[in-house]
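Remarks on the structure that follows.
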Amino acid sequence: QELFYELLDPRPHLKLTDKKSPAFSILHESPYPPPDCSNTDSVLEGLNLYRTKIQQFTHRNREQTEFRKKLSQRLKKAEKELKAFSPEQTEALAEQYELFGHLLIAALFKERTSPGHLDVNNLFEKDEPLVRIPLNPALTLHENARDYFTKASKSREKTRTMLKRQKELETERQILSTVQSALDELTDTESIETFITAHSTIFGKTGRQKEKKAVSAPFRSVILKDGVTLFIGKNAGNNELLTFSHAKPGDIWLHSRGASGSHCILRGVSLHDKTTIEQAASIAAWHSSAKHAELVPVIYTLKKYVRRGKKLPPGQVIAERETLLFVKPQREH
Numbered sequence: 008q009e010l011f012y013e014l015l016d017p018r019p020h021l022k023l024t025d026k027k028s029p030a031f032s033i034l035h036e037s038p039y040p041p042p043d044c045s046n047t048d049s050v051l052e053g054l055n056l057y058r059t060k061i062q063q064f065t066h067r068n069r070e071q072t073e074f075r076k077k078l079s080q081r082l083k084k085a086e087k088e089l090k091a092f093s094p095e096q097t098e099a100l101a102e103q104y105e106l107f108g109h110l111l112i113a114a115l116f117k118e119r120t121s122p123g124h125l126d127v128n129n130l131f132e133k134d135e136p137l138v139r140i141p142l143n144p145a146l147t148l149h150e151n152a153r154d155y156f157t158k159a160s161k162s163r164e165k166t167r168t169m170l171k172r173q174k175e176l177e178t179e180r181q182i183l184s185t186v187q188s189a190l191d192e193l194t195d196t197e198s199i200e201t202f203i204t205a206h207s208t209i210f211g212k213t214g215r216q217k218e219k220k221a222v223s224a225p226f227r228s229v230i231l232k233d234g235v236t237l238f239i240g241k242n243a244g245n246n247e248l249l250t251f252s253h254a255k256p257g258d259i260w261l262h263s264r265g266a267s268g269s270h271c272i273l274r275g276v277s278l279h280d281k282t283t284i285e286q287a288a289s290i291a292a293w294h295s296s297a298k299h300a301e302l303v304p305v306i307y308t309l310k311k312y313v314r315r316g317k318k319l320p321p322g323q324v325i326a327e328r329e330t331l332l333f334v335k336p337q338r339e340h
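Numbering (this note's numbering), first residue to last: 8 to 340.
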C-alpha cells in the first residue's frame, strides 16, 4: 500500500549505486538522502538526465577498460620481446667468427686439402685442439678470413643494437608496470579518470603517425656538469612517471615548497655536493608557479624518502627528511 501511494506521488531523482553507476528512481528517498542524490522537477526531466549520466558513465567505463587492456597488452609484448633477446649468443658467434679469421690468417700457407673446410690447431688455447673451419670454396683463405672478420663485425653491431633495444624495453616494462600498479591502487572513479588522462601519452602516437616502438619518458633534461644530469617533469602525470618510474633511490629529488611546479631529479651527485644541488634547486624554482619571486623555497631529499599518499592525486607526494633552500629562480642554459 505504501508503494501504491509513492507511485501516485512520484519523486524523481538520480543517485549513485555502490558501483558508482547512475540510478533513476521515482520512489521516495529516506528523510536523509545521500549527498549524491539529485532531485528533478518531473519524471521526463529525470529520465533525460539519467540518459545523459548513463552515457557518460558508459563512455568513462569503456575508456578505462580500453586503457587497462592496452596497458596489459603493451606490458606482455615488452616482456615477450625481452625473453626473445639473446645478446650473449650473438656475441659468442662474433667471437667465433673472429677466431676463425685469426686462425685462417695464421694458416695462409697451409695446404688446402678440402675446398669446403680447413682443419687447423687453435693457437689461442693451451692444448691447441684441432678446429674445423668451414670455407667458401670460391674464395681464397685470405678472402675467407676477411669474410669472417666482416661477419664478426656485423654480429657485434647486432649485439650493440640488441642491447640498446633491450635497455629501451626494460625501461618500457618498468614504466608500464609502475603505471599498472599505481592504477590498481586507485578506487574512486574520479581519481581513476584523472590518472588515465594524465598517463594517456605513454602509448605514443596513433593513427597515421608512426607508433613509437618503445614507451619513452619525455622529461626535460639538463647536463649540469660531466656525469651529472637534472631531469625535469612537465606536468602532473609526467612528474609521477619521473619520480616513481625513472628515478632511482639514490637520486636527489627537488621541488618548490608551497608552489605548484615540476618534480626534478638530480642524478650523478651526492648530498655533499651543495653547489650542484643549489644550481639544480634554482632551476627547479624556475619551473614552478613562483618563478617570478626574488627567492623561492625549494626542498630536496633522496628519492627513496619520497612516497605517494593514498588519497593524493597524481603528481602530489609526501617527502621526508627534506632539506630547505632559498634560491633565486634561474632558467637552465
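Virtual Cβ for every residue (Gly too), placed ideally from N, Cα, C.
- Annotation for Val305: the continuous beta strand (DSSP E) segment containing it runs Val303 to Leu309.
- Excluding its 5 nearest sequence neighbours in each direction, Ala254 has C-beta neighbours in its own chain below 6 Å: Ile272 and Lys310, listed in chain order.
- Collapsing the DSSP output to three states places Lys133 in coil.
- Burial state of Gly268 is buried, judged by a 10 Å Cβ sphere holding 16 or more other Cβ atoms.
- In this structure, DSSP gives Pro256 a state outside helix and strand, which the three-state scheme calls coil.
- The bridge partners DSSP lists for Arg227 are Ile239.
- Nearest neighbour of Ala85 by Cα position, chosen from Lys232, Arg314, Ser32 and Glu179, turns out to be Glu179.
- Using a Cβ-Cβ distance cut-off of 8 Å, the stretch 140-154 and the stretch 58-72 are not in contact, since fewer than three pairs of beta carbons, one from each stretch, lie closer than that value.
- With distances taken between CA atoms, Ile209 lies nearest to Glu247 out of Glu247, Ile325 and Asp233.
- Under the three-state reduction of DSSP, Ile182 is assigned to helix.
- For Thr330, the enclosing beta strand (DSSP E) begins and ends at Thr330 to Val334.
- When secondary structure is reduced to three states using DSSP, Val127 falls in the strand class.
- Counting only runs of 3+ residues, the beta strand (DSSP E) found wholly inside the stretch 75-156 occupies 124-128 and 137-141, in chain order.
- By the Cβ-count criterion, Val50 is exposed, with fewer than 16 other Cβ atoms from all chains shown falling within 10 Å of its own Cβ.
- The criterion of a C-beta distance shorter than 8 Å is satisfied by Ala292 and Val303.
- Between Leu332 and Val305, the gap from beta carbon to beta carbon is short of 8 Å.
- Inter-segment contact for the stretch 103-114 and the stretch 127-134 is present: three or more beta-carbon pairs are separated by less than 8 Å.
- Ala297 and Tyr312 do not touch by the CB rule: their CB atoms are close to 23 Å apart, not below 8 Å.
- Membership of Ser289 in the alpha helix (DSSP H) is indicated by the continuous run Lys281 to Trp293.
- Counting the other Cβ atoms within 10 Å of the Cβ of Thr147 gives fewer than 16, which makes it exposed.
- If you draw a straight line from the Cα of Ala243 to the Cα of Phe202, it comes to about 9 Å.
- Taking C-beta atoms as the reference points, Glu98 and Thr166 count as a pair closer than 8 Å.
- The C-beta of Gly265 has fewer than 16 other C-beta atoms within 10 Å across all chains shown, which makes the residue exposed.
- Straight-line measurement puts the Cα of Ala288 at about 18 Å from the Cα of Gln323.
- Note on geometry: alpha-carbon atoms of Ser188 and Asn245 lie some 16 Å from one another.
- Inter-residue distance for His109 and Glu175 is about 35 Å (C-alpha atoms, whole angstroms).
- In the three-state reduction of the DSSP assignment, Val50 falls in the helix class.
- Counting the other Cβ atoms within 10 Å of the Cβ of Asn151 gives 16 or more, which makes it buried.
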